[in-house]
Structures are given as structure tokens and as C-alpha cells.
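Below is one structure, written out as C-alpha cells; comments come after it.
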């Protein structure tokens with residue numbers, strides 16, 4: 019059965035062990051978590067956990083039922099559709115030379131990135147966008163040499179309209 023990528027976001031009680039229980043649920047059923055991101059919301063008693071995973075429709079349904087049964091989970095949504103705003107942030111360290119410096123700056127500017135640190139042989143910059151945008155940016159930088167990379171994984175919120 020074909021496995022599609024899904025972005026699940028859940029509002030949970032901000033308590034120790036909640037993320038571990040959710041991750042354990044995935045591991046116990048043999049589902050891989052591709053990305054996971056969690057942080058407190060505007061209400062410090064709640065956190066939002068966003069998980070990206072690949073699953074077929076039956077696996078997704080079973081997984082969501084199991085997550086909903088967890089005591090600390092307040093709300094769960096599949097954000098895979100178009101009714102959600104999805105973003106990812108990346109910190110990228112790329113090699114530079116005097117010959118490539120301006121071209122790399124142009125690529126960073128094109129993707130609305132911001133240089134956070136620069137040295138004689140590198141730039142560290144941040145970039146945000148959807149997963150495809152970040153992948154495209156990395157593809158353009160690959161020939162220059164990506165020294166280090168940190169990606170946040172997907173974050174998603176339902177559109178209000």
C-alpha cells in the first residue's frame with residue numbers, strides 16, 4: 019500500500035513525558051517519525067507537537083486513534099491538506115571562496131535568507147519556507163559545499179478563514 023507524507027499536529031498538556039509517550043506510540047507500531055518539533059504555545063500549560071511521518075490511510079487512521087487515546091493529548095489534526103500554513107526553518111553553513119561569495123549571497127537573497135554569521139571560508143544563514151523550498155535551496159547550494167545543516171522539521175497551523 020502506498021505511503022504518503024502526513025503532518026500531524028497536536029495540542030498537548032505541557033508536562034514531562036508527553037513527547038516520549040507519543041514517540042513511543044510511533045516506535046511501538048513500527049512507524050517512523052521523519053521530523054518532530056515541540057514547544058509551548060501562547061498558553062504555557064500547553065505545547066504543540068508537530069510530527070511528519072509516512073503512512074498509508076489505514077496506518078494513519080490507527081495511529082491517530084492511538085494518539086487521541088493518550089490522556090495528555092487535547093487536540094489532534096492531520097495538517098497534510100491545503101487548509102494549513104506549513105513552514106520549516108533551516109540553519110545552513112555553506113563554504114565560500116572569493117569566486118563563489120557573491121553568487122552564494124545572491125542565492126541566499128533570492129530565498130529571503132539572512133546571514134547570521136560569516137567567516138573567511140563560510141556563511142551561516144537562516145532560511146524559512148515550505149519543505150520543497152528548503153529542498154530547492156539546498157540543491158542550489160550543494161555544488162558549493164554544505165558544511166553543516168540543521169532543519170526544524172515542519173510546523174503547521176490551520177488557516178483561520
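In the numbering used here, the protein residues as written are 19 to 179. Heads up, the beta-carbon is just placed ideally off N, CA and C, and yes, glycines get one too.
Own chain residues within Cβ distance below 6 Å of residue 105, not counting five before or after:
Answer for residue 105: 146, 173, listed in chain order.
When the Cβ atoms of the region 122 to 136 are set against those of the region 34 to 53, are three or more pairs found closer than 8 Å?
Segment contact: the region 122 to 136 against the region 34 to 53, fewer than three CB-CB distances shorter than 8 Å; contact not assigned.
Three-state class that DSSP yields for residue 160 in the structure shown:
Helix at residue 160.
Helix, strand or coil at residue 114 according to DSSP, with G and I counted as helix
If DSSP states are grouped into helix, strand and coil, residue 114 belongs with coil.
Give the DSSP bridge partners of residue 106, in chain order.
The partner list for residue 106 (beta bridge, DSSP) reads 147.
Mind checking which residues open and close the alpha helix (DSSP H) that includes residue 82?
Where residue 82 is concerned, the enclosing alpha helix (DSSP H) stretches over 75 to 87.
Going by beta carbon distance, what residues of the same chain come within less than 8 Å of residue 122, once the five residues before and after it are set aside?
Scanning its chain for C-beta atoms nearer than 8 Å, with the 5 sequence neighbours on each side dropped, one finds around residue 122 the residues 112, 114, 141, 159, 162, in chain order.
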